[in-house]
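If you count by this note's numbering, then the sequence shown holds residues 26 to 169, one letter each, in order. Every residue gets a Cβ at the ideal spot worked out from N, C-alpha and C, and that includes glycine.
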Amino acid sequence: MPLMYLHFPAETFSAAAKNELAAELTTLALRVEGLPDTPFVRSTCWIYIQEYAMANVYQGGSSTETKVISLEVNAFAGGLDVAAKQLLIENLTACIHKHAAVVPDAPAPVYIIIRDVPDTNWGVSGKTIKLQDMRLPSVDVKPM
Numbered sequence: 026m027p028l029m030y031l032h033f034p035a036e037t038f039s040a041a042a043k044n045e046l047a048a049e050l051t052t053l054a055l056r057v058e059g060l061p062d063t064p065f066v067r068s069t070c071w072i073y074i075q076e077y078a079m080a081n082v083y084q085g086g087s088s089t090e091t092k093v094i095s096l097e098v099n100a101f102a103g104g105l106d107v108a109a110k111q112l113l114i115e116n117l118t119a120c121i122h123k124h125a126a127v128v129p130d131a132p133a134p135v136y137i138i139i140r141d142v143p144d145t146n147w148g149v150s151g152k153t154i155k156l157q158d159m160r161l162p163s164v165d166v167k168p169m
């Protein structure tokens, strides 16, 4: 049940690219975290997108024209081991680079931050939810 925050300068992604990117980021995160790709589990995955005017993007303390992209991924603590985190970082970076309006062969200026959140700190609809609840959801649970 990843919760992601994607930040980037305006015009880094077209509207269509943002839609494709959101779908692919969700699928990648579910797969790597070992969660079933069901309508219910997908409905618990949220991505918040924040675009910034280039005048509000700084690199090394100075205004820049570089389209630096950051993605914060909040995941259940224990849901990703070290190898899974590396796989997630590689796959998320490749996915973002594929959809971004950047030079195709240039290094992707993508920063990924993975935050492990203890399941006692996950609340949904007024109740805590555990990783196991997401890995083995009831067959009759409806999407949120």
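When the options are compared against residue i, the one with the closest alpha-carbon
i: Asn99; options: Cys70, Asp158 and Met169; result: Cys70
i: Tyr30; options: Leu117, Ala41, Ser163 and Met79; result: Leu117
i: Lys110; options: Pro34, Ile72 and Ile137; result: Ile137
i: Glu97; options: Pro61, Leu113 and Glu36; result: Leu113
i: Leu28; options: Pro162, Ile139 and Gln157; result: Ile139
i: Ile94; options: Ser88, Ile72, Gly85 and Ala125; result: Ala125
i: Thr145; options: Gln157, Val107 and Glu115; result: Gln157
i: Gln75; options: Ser87, Thr63, Ala108 and Thr37; result: Thr37
i: Ser39; options: Leu53, Thr89, Glu90 and Ile121; result: Ile121
i: Ser150; options: Ser68, Asp62, Thr63 and Ala54; result: Ser68
i: Ile154; options: Ala102, Ala131 and Ala108; result: Ala102
Beta-ladder partner(s) of residue i, from DSSP
i: Ser68; result: Bridge partners of Ser68: none, in fact.
i: His122; result: Paired residue(s): none; His122 is not in a bridge.
i: Asn81; result: Answer is none; Asn81 lacks a bridge partner.
i: Ser95; result: His32 and Tyr136
i: Ala100; result: Asp141
Pairwise C-alpha distance: residue j and residue i
i: Gly59; j: Gly104; result: 8 Å
i: Thr1; j: Tyr77; result: Residue 1 lies beyond the stretch modelled for the chain, which goes from 26 to 169, so this question has no answer here.
i: Pro143; j: Pro162; result: 19 Å
i: Lys123; j: Pro129; result: 8 Å
i: Val135; j: Asn44; result: 18 Å
i: Asp165; j: Ala42; result: 33 Å
i: Ala48; j: Phe33; result: 18 Å
i: Ala35; j: Tyr73; result: 15 Å
i: Met169; j: Trp147; result: 15 Å
i: Gln84; j: Arg56; result: 33 Å
i: Leu46; j: Ala119; result: 11 Å
i: Lys178; j: Glu115; result: With the chain covering only 26 through 169, there is no way to say anything about residue 178.
Span of the alpha helix (DSSP H), counted from its first residue to its last, around residue i
i: Lys167; result: Here Lys167 belongs to no alpha helix (DSSP H), and DSSP marks it neither H nor E.
i: Lys155; result: Taken as a continuous stretch (DSSP letters only), Lys155 belongs to no alpha helix (DSSP H), as it is neither H nor E.
i: Ala131; result: Per DSSP, Ala131 belongs to no alpha helix (DSSP H) and is neither H nor E.
i: Asn44; result: Ala40 to Glu58
Short CB-CB distance (under 8 Å) between residue i and chain E
i: Ala108; result: Note that chain E does not occur in the displayed structure, where there is just one protein chain.
Residue i beta carbon near the ligand ADP (any heavy atom closer than 7 Å)
i: Gly151; result: Looking for the ligand ADP in the displayed structure turns up nothing, as the structure carries no ligands at all.
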